[in-house]
Amino acid sequence: MTTDTVAQHHPRMHFHKLAPEVSKAMFALEKASREGLDPVLIELVKIRASQLNHCAFCLDMHVKDARKAGETEERIYLLSAWEEAEGFYTEKERAAIALTEAITVLTDGFVPDEVYERAARHFPEQELAQLIAVIVTINAWNRLGVTTRLVPGSYQP
6 MTTDTVAQHH PRMHFHKLAP EVSKAMFALE KASREGLDPV LIELVKIRAS
56 QLNHCAFCLD MHVKDARKAG ETEERIYLLS AWEEAEGFYT EKERAAIALT
106 EAITVLTDGF VPDEVYERAA RHFPEQELAQ LIAVIVTINA WNRLGVTTRL
156 VPGSYQP
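Just so you know, we're using the numbering used here here: the sequence shown kicks off at 6 and counts up by one.
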């Protein structure tokens with residue numbers, strides 16, 4: 006990407022102003038999806054989905070939120086290679102990240118049983134439902150951010 010391309014990156018629309026009821030519903034979904042989950046785990050999931058979806062605005066936001074929640078720089082920057090960074094994430098985190106990838110990138114049209122079962126071994130059913138809700142919600146936010154070209158950098162936790 007050239008500097009000209011970066012300099013021209015600006016929002017296509019102000020979605021929240023144009024669709025206020027949808028925005029209100031999205032924020033309510035966001036709040037409800039987080040119930041009962043560890044804030045650091047939530048941010049790891051959101052960062053990983055945002056990496057896969059190439060949403061710079063959400064990456065900026067969730068890296069900042071992860072830092073605020075106490076996450077280390079090392080774990081944040083190793084997240085894109087989490088499978089090779091085995092000693093840096095718990096088995097529960099690894100299961101959540103694998104599920105995030107499977108839901109975010111539905112390459113085969115479904116979430117593989119082994120990925121789902123791995124997550125189910127680490128999360129009680131209610132918590133697993135909340136985790137799925139967080140993953141679905143960040144994917145919706147990513148798609149809004151990428152489509153409307155939200156510009157990263159201004160978010161402050």
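Glycine included, each C-beta is placed from N, C-alpha and C at the ideal position.
For residue 32, the number of other beta carbons within 10 angstroms of its own is below 16, and it is reported as exposed. Taking C-beta atoms as the reference points, residue 162 and residue 80 fail to come closer than 9 Å. Annotation: the continuous alpha helix (DSSP H) that includes residue 63 extends over 61-73.
Closest by C-alpha distance to residue 127, out of 46, 61, 57, 109, is 46.
A direct Cα-to-Cα measurement between residue 35 and residue 28 gives close to 10 Å. Shortest Cα-Cα distance from residue 78 to any of 58, 49, 24 involves 49. Using a C-beta cut-off of 8 Å, the stretch 88-98 makes no contact with the stretch 57-70, since fewer than three inter-stretch Cβ pairs fall below that distance. For residue 77, the three-state secondary structure derived from DSSP is coil. With 16 or more other Cβ atoms from the protein chains shown falling within 10 Å of its own Cβ, residue 150 counts as buried.
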